[in-house]
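K.L.:
Residue numbers (the numbering used here): 5 to 160.
The beta carbon of each residue, even a glycine, is placed where N, CA and C say it ideally should be.
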């Protein structure tokens, strides 16, 4: 089975379902997608880390660039073809998080990578759960710092 079809296994989900849930700040959905990828999707935590790393690295590459639209963003990211959708997603989420949020995400990824490689005596699934929860909380933190209202269920 090719990598592009791994998510087609029973219980598996495509990687963008995880990143989309994280980008929305929906921790419960993000954790659900993570568990489905680890369990039914037979993904190793390092494969999921690679997906998340690519997702945030695209935002980091666009951070601070004078980009006027998704076509310019796609060019900076080296995306070929007619679809600029991945560039638009990276540009929009990077703008939502801001430089501080993107930098924080990269730091969280680096820490989790070290933890998966033995820096922390935690089970791999726990390392990934903590990472996904922290990444999804970044969106709420950015909203709070900018004065944008958060969900009513969020603590002040």
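(1) Is there contact here, the segment 118-138 with the segment 33-49, by at least three beta-carbon pairs under 8 Å?
(2) The alpha helix (DSSP H) with residue 20 in it runs from where to where?
(3) According to the neighbour-count rule (16 or more other Cβ atoms, all chains shown, within 10 Å of its Cβ), is residue 127 buried or exposed?
(4) What does the Cβ neighbour count give for residue 48, buried or exposed, with the cut at 16 atoms within 10 Å?
(5) Alpha carbon to alpha carbon, how far is residue 118 from residue 86?
(6) Quick one: what does DSSP say residue 38 is sitting in, helix, strand or coil?
(7) Can you list, in chain order, the residues of its chain whose CB lies under 8 Å from that of residue 19, leaving out five sequence neighbours each side?
(8) Please report the straight-line C-alpha distance between residue 65 and residue 100, rounded to a whole angstrom.
(9) Checking 8 Å against the spacing of the C-beta atoms, do residue 131 and residue 109 come in under that value?
(10) Is the CB-CB distance between residue 58 and residue 103 below 8 Å?
(11) Where residue 154 and residue 144 are concerned, what is the direct C-alpha to C-alpha distance, given to the nearest angstrom?
(12) Can you find the residues in the same chain that come closer than 7 Å, C-beta to C-beta, to residue 106, ignoring five residues on each side of it along the sequence?
(13) Using C-beta distances below 7 Å, list every residue in its chain close to residue 71, excluding the 5 sequence neighbours before and after it, in chain order.
P.N.:
So, to answer that:
(1) Segments in contact, yes.
(2) 19-28
(3) exposed
(4) exposed
(5) 37 Å
(6) In the three-state reduction of the DSSP assignment, residue 38 falls in the helix class.
(7) 11, 41, 52, 55
(8) 15 Å
(9) no
(10) no
(11) At residue 154 the pLDDT is 37, less than 50, meaning the model places this residue with poor confidence and gives no usable figure here.
(12) 60, 63, 64, 67, 98, listed in sequence order.
(13) 77, 80, 95
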